[in-house]
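Sequential numbering of the sequence shown, starting at -13, is according to the working numbering.
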Amino acid sequence: MSIYVMSDIHGCYNAFLSMLAKICFSDTDTLILAGDYIDRGTQSYEMLQWIERCPPNVCVLRGNHEEEFAAYVELMLLLDRREGLDTDIFSPEDMAALYHSVKYWLCHSMTPEHCFDVFDVYGTIESLLKRETTTLGDLCRWAEMMRKMPYYKKLDVGGRTCVIVHAGYSEWNEGAVEGFESREQFYLYAREESIRSGGVKNGMVIAGHTPTILKDEFAYHKGKVFRFYDGKKNCVFYNIDCGCVFRSVQPDARLACLRLEDEKVFYV
Ligand SMILES: [Mn+2]
């Protein structure tokens, strides 16, 4: 009967399954996933399938990569309507044609340096359509699932408020946090601001988003979980993104899982 948290799986489905086996995850446990299931890694499709069918004791939160995926699908639908392409949502061929139309349209309406920054930046949609069975209907279903994902989860663990979020959470800022357009942007994109401007009084914030393998980043901890205690706020901050998707190029990288009750960390 434990609560586990993982983040930033980024298409590392095999590592994710290894972790579930390592923690002996069962129906009586709870798993909270803090976003970024897709992109960069090779098994985004497997992650999407798993999340779509995940059991009720799993809480799936939103990451910036889910937000961006949903926006790419929105762009495809927009172009489909605007150009009257009449894409069949059940046809993989139509989906491939629409994908290439969007790329063509973007590359002809923007400078080449920019057209690759606004659509399918990690090539995940392209990799999905290479499976030859993916349709626009699948993309729309996944995008819809992502738009329903909550930004954060707040729960009481042993009398302490714990907030799990993709990047940052602030109890103090009513509207947008300084430097961010909105609260939602802070939830999804905060980096060192997650500690500077974020937190929960007498609580704990568990986030990912900034890999602990990056030497120039605040959360650098040689690929181990980063933990910081702020005495003024009496708040513990965790960054549990240990960069598992970079394992092939970075030997320190790994997938981490935090058990909330005793703050024990598991690695694969
Ligand atoms: Mn992220």
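The beta-carbon is built from N, C-alpha and C at its ideal position, and this holds for glycine as well. Keep in mind it's a predicted model, so treat the numbers as computed, not measured.
Spatial neighbours of Trp91 in its own chain (CB-CB distance under 7 Å, excluding positions within 5 residues in sequence) are listed in chain order as Leu65. Secondary structure of Ser4 (DSSP, three-state): helix.
Look at Ala153: its beta carbon is less than 8 Å from one of the heavy atoms in ligand 1. In this structure the segment 139 to 158 lies against the segment 177 to 194, because at least three pairs of beta carbons, one per stretch, are closer than 8 Å. Annotated three-state conformation of Cys230 is helix, per DSSP.
With contact defined as three or more Cβ pairs closer than 8 Å, the segment 133 to 144 and the segment 46 to 56 are in contact. Beta-carbon to beta-carbon, Val46 and Leu19 are separated by about 5 Å, close enough to satisfy the 8 Å threshold. DSSP, read as helix, strand or coil, puts Phe172 in helix. Remark: the C-beta of Gly185 is outside contact range of ligand 1, defined as less than 8 Å to any heavy atom. Taking the Cα of Leu17 as reference, the smallest distance to any Cα among Ser(-7), Ile181, Glu32 and Glu38 is reached at Ser(-7).
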